[in-house]
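I have placed the structure first, in the form of structure tokens, so that the comments after it can refer back to it.
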Amino acid sequence: MEYKYTGIILGKYDVGETDRIYVIYTLEQGKIRALAKGVRKMHAKLSGSLESFNLVDILIARNRGMGKIKSAIVERNFSVIKNNFELLEKVFQVIGIFGRLMEDEQKDEEAFFLLAQYLKMMNEKNGDDFLRFRIITQGFLHQLFSLLGYQLEISGCAVCREKIKAGGNFFSMSCGGVVCHKCGNDVVEKMRVTDNTIKAMRIFSSNNLKSLLKLKIKKEEITELERVSDLFYRWIV
Ligand SMILES: [Zn+2]
132 MEYKYTGIIL GKYDVGETDR IYVIYTLEQG KIRALAKGVR KMHAKLSGSL
182 ESFNLVDILI ARNRGMGKIK SAIVERNFSV IKNNFELLEK VFQVIGIFGR
232 LMEDEQKDEE AFFLLAQYLK MMNEKNGDDF LRFRIITQGF LHQLFSLLGY
282 QLEISGCAVC REKIKAGGNF FSMSCGGVVC HKCGNDVVEK MRVTDNTIKA
332 MRIFSSNNLK SLLKLKIKKE EITELERVSD LFYRWIV
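Under this note's numbering, the sequence shown has 348 at position 217, and the numbering climbs by one with no breaks.
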């Protein structure tokens, strides 16, 4: 039987003399693996179509076990990302996190569209404003974690549940979110967060990625957000 998928190439690894196994996040079936025969031979057309994070329409022959890739047509290759080392590095890191968190063959259309939108936004030319890409990446990660059922307490203090007042607050992964100034004194594992960082986390959890672009945020605050998502990710895995 042959099956048609729309998918995003997450990764690949070599097997045998000339073959390769691709990890693909598909709209129809979630994360799948499929074999491409002879793809490492010189001039193999298929290998260009199956470059990392290409969005492809792909035909896979499958009976029992792993399917074999018959053909692939590139819908988008996100060339702006591929031609910018800084962007490429960031996207590879995020794709790695995504691939690790998604389970095999669990269809999740929302996750597929979130990833596709993320790549699309990272691929938009925007001069040298790398901060913008860092914000989008943080928004994507928070939304991905939340889609998978992991949420931080950000509406109130994670310890006393009271409303967060301006200034002097903390983030603590062991408490599960934002911790107020008072409770923070008794928490060992914590980091200081600015009001703007807390605001950004609230926007991440409630909006789509597009609305993040209006967010005015300082470089140091993005670094804080990156530390938060890093702690969050390490807690999940
Ligand atoms: Zn508190």
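C-beta atoms are modelled at their ideal positions from N, C-alpha and C, and glycine is treated no differently. Note that the structure is a prediction, hence the values are computed from the model and not measured.
For a test of the three-state rule: what should DSSP assign to Val368, helix, strand or coil? coil
Going by C-alpha to C-alpha distance, which of Asn327, Ala289, Leu340 and Thr328 sits closest to Asp317? Ala289
Considering only heavy atoms of ligand 1, does any lie closer than 7 Å to the CB of Glu310? In the sequence as presented, Glu is not what sits at residue 310; that position holds Val. Checking the Cβ of Val310 against ligand 1 gives yes.
With DSSP as the reference, label Thr157 as helix, strand or coil. strand
Do you know whose CA, among Lys172, Met132, Gly169 and Gly138, lies nearest Leu158's CA? Gly138
Does DSSP put Ser183 in a helix, a strand or coil? coil
Mark Ser360 as exposed unless 16 or more other C-beta atoms lie within 10 angstroms of its C-beta, in which case mark it buried. buried
Beta bridge counterpart(s) of Ala203 as assigned by DSSP: Ile189
Using 8 Å as the cut-off, can you tell me whether the segment 314 to 330 makes contact with the segment 241 to 248, which would need three or more C-beta pairs spanning the two stretches below that distance? no
Whole-number beta carbon distance between Ser183 and Val170, since they are thought to touch under 8 Å: That belief does not hold up - the Cβ atoms of Val170 and Ser183 are roughly 14 Å apart, past 8 Å.
Which first and last residues belong to the beta strand (DSSP E) in which Lys143 is found? Glu133 to Val146
Given the structure, does Lys294 come close to ligand 1, in the sense that its CB is under 7 Å from one of the ligand's heavy atoms? no
Quick check: does the Cβ of Cys306 come within less than 7 Å of any heavy atom belonging to ligand 1? no
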